[in-house]
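Residue numbers (the working numbering): 1 to 538. Built from N, CA and C at the ideal position, the CB exists for glycine as well.
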């Protein structure tokens, strides 16, 4: 049902046409069965009618499948874009609390499961149309026999549904385990070096973490698929039971002509194929329903907390892409709970102003709130109380996206995109920046794409700085940028790069532990346990 609703949301008109085509195909199949039965019982059937029905059945089947295939792929395309936009419009703190593994599992595993299943929807529709048409034909042959058959089918549905209910439960448990399993796979790829160095850690990881999770996922799948197999076998057995009942039991209680017996036997044998197809596709359909439930859950979780302006175009309301202005925080209180923290971390800023063009160092111990403060300054975190202002304009949900356009940042956990956002104005500077960052001998830019990103962390940070250069925003934020640089380039960063940005009128905010370079800044802000301990000019 959920898959059908997904298709209807994409285009109910196309679904309607496809259903009509499928119904025509089913009617043609039923009429063909009728012709075959009449021929077997000695009646004369025209060859032209038989060939005509065969051609119409083929055309309507192909047309219905074509429409549904196109519709299915459009639905998946729209679903992927909707989820991606939902992620982009969700507050950063919410995404961090959800965890990357859960979001990634939905974007990859769940969407792929739905995509694979939607591919078989056209065939399911054709099978259902054939079954419905053949049942109509059987009802026209003998309604009492048809009622007896319906009673058996109803019994089959009730018993099969009981098996499928348990199978659905195991599929849900398997999907929930996928989030944990994906997290362990992330640890496997990211921690390969550490795992190779320690046999004890390898054994612990495989035996205590990855292994048990994979085993649980396997067990859930085995139980679910076993129940599907039992349901399929039971369903096929009941079809033979129905044939036996019609051939041997009903004639003792009802007057059933040989023509009716032949029609029912032949039709039910013909229906074994579409029924068998449906039984074989049940696991895929139920897995897709579980995946859709996860997608809906994630979509609602994300969209319920979406940022109104995250995907809107710039409104030019006084906050987008301007020259540097004073950033002011007033009465800020922000709570943040990490993945493994029992109590939330609280950042409290009574008043903080950073004038345009100032080079500011934010320092403090690990966990003191430096990165959290930087994210609030950039509008990535929205405080529970207090205001953020750009000069005299208060940042709100409506102008938040515009406000963020004033910032370029290289985070401690940065991601390096291989596409460089060049403009006609900055394209001519790309090569000069590569040379300035001493990386031109390893990387080139071709059609806006970096030739490689497979470099050391320090070199990749230089490429991230290149992207920041080319964006040419009014405020630059560097979170522990120099920590992976060699001494020579560290000197270049603090004494040359930062000074050049400041000379251009840029506001520069640097999170750093390099106390020997603090003197190059205009100001030093020290945090301790989420509060400003000291704030002094250099």
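key: Status (buried if at least 16 other CB within 10 Å, exposed otherwise) for residue 151   = exposed
ask   = Quick one: Cα of residue 395 to Cα of residue 163, how far?
value = 56 Å
request  = Count the C-beta pairs between the stretch 262-282 and the stretch 225-234 that are closer than 8 Å, then say yes if the count reaches three, no if not.
outcome  = yes
message = Between the alpha carbons of residue 314 and residue 356, how many angstroms are there, rounded?
response = Only weak support exists for where residue 314 lies, its pLDDT of 48 falling under 50; the value from the coordinates is given anyway. C-alpha separation (whole angstroms): 22 Å.
query = Based on Cα-Cα distance, which residue from 520, 111, 475 and 331 lies nearest to residue 491?
reply = 520
Residues bridged to residue 446 [DSSP beta-bridge criterion] = 449
ask   = Would you call residue 533 buried or exposed, if buried means 16 or more other Cβ atoms sit within 10 Å of its Cβ?
value = exposed
query = Where do the N-terminal and C-terminal ends of the alpha helix (DSSP H) with residue 102 fall, by residue?
reply = 100-105
task = For residue 335, name the three-state secondary structure that DSSP assigns.
result = strand
ask   = Taking the DSSP output, what are the residues bridged to residue 528?
value = 531
key: Simplified DSSP state of residue 140, which is helix, strand or coil   = helix
request  = Flag this pair as touching only if the stretch 174-193 and the stretch 203-222 have three or more C-beta atom pairs under 8 Å; answer yes or no.
outcome  = yes
message = I need the straight-line Cα distance from residue 458 to residue 332, nearest angstrom please.
response = 34 Å
query = First and last residue of the beta strand (DSSP E) that includes residue 407?
reply = 407-410
query = Ends of the alpha helix (DSSP H) at residue 520?
reply = Element bounds for residue 520: n/a, residue is neither H nor E.
ask   = How is the alpha helix (DSSP H) around residue 226 delimited, first residue to last?
value = 211-244
request  = Less than 8 Å between the CB atoms is what I'm expecting for residue 54 and residue 137, so what's the real figure, rounded?
outcome  = The pair is not a contact, with the Cβ atoms about 17 Å apart (cut-off 8 Å).
request  = In angstroms with no decimal places, state the Cα-to-Cα distance between residue 189 and residue 199.
outcome  = 16 Å
task = Identify the continuous beta strand (DSSP E) that holds residue 484 and give its terminal residues.
result = Run containing residue 484: none; DSSP gives neither H nor E here.
request  = State the start and end residues of the unbroken alpha helix (DSSP H) segment that holds residue 568.
outcome  = Because the chain here runs from 1 to 538, residue 568 falls outside it and cannot be looked at.
ask   = If you draw a straight line from the C-alpha of residue 414 to the C-alpha of residue 461, how long is it?
value = 8 Å
inquiry  = Given a cut-off of 8 Å on the beta-carbon distance, is the pair residue 445 and residue 410 in contact?
reply    = no
query = Out of 99, 115, 90 and 67, which has the shortest C-alpha to C-alpha gap to residue 80?
reply = 115
query = Of the residues 265, 210, 245 and 153, which one's Cα is nearest the Cα of residue 141?
reply = 265
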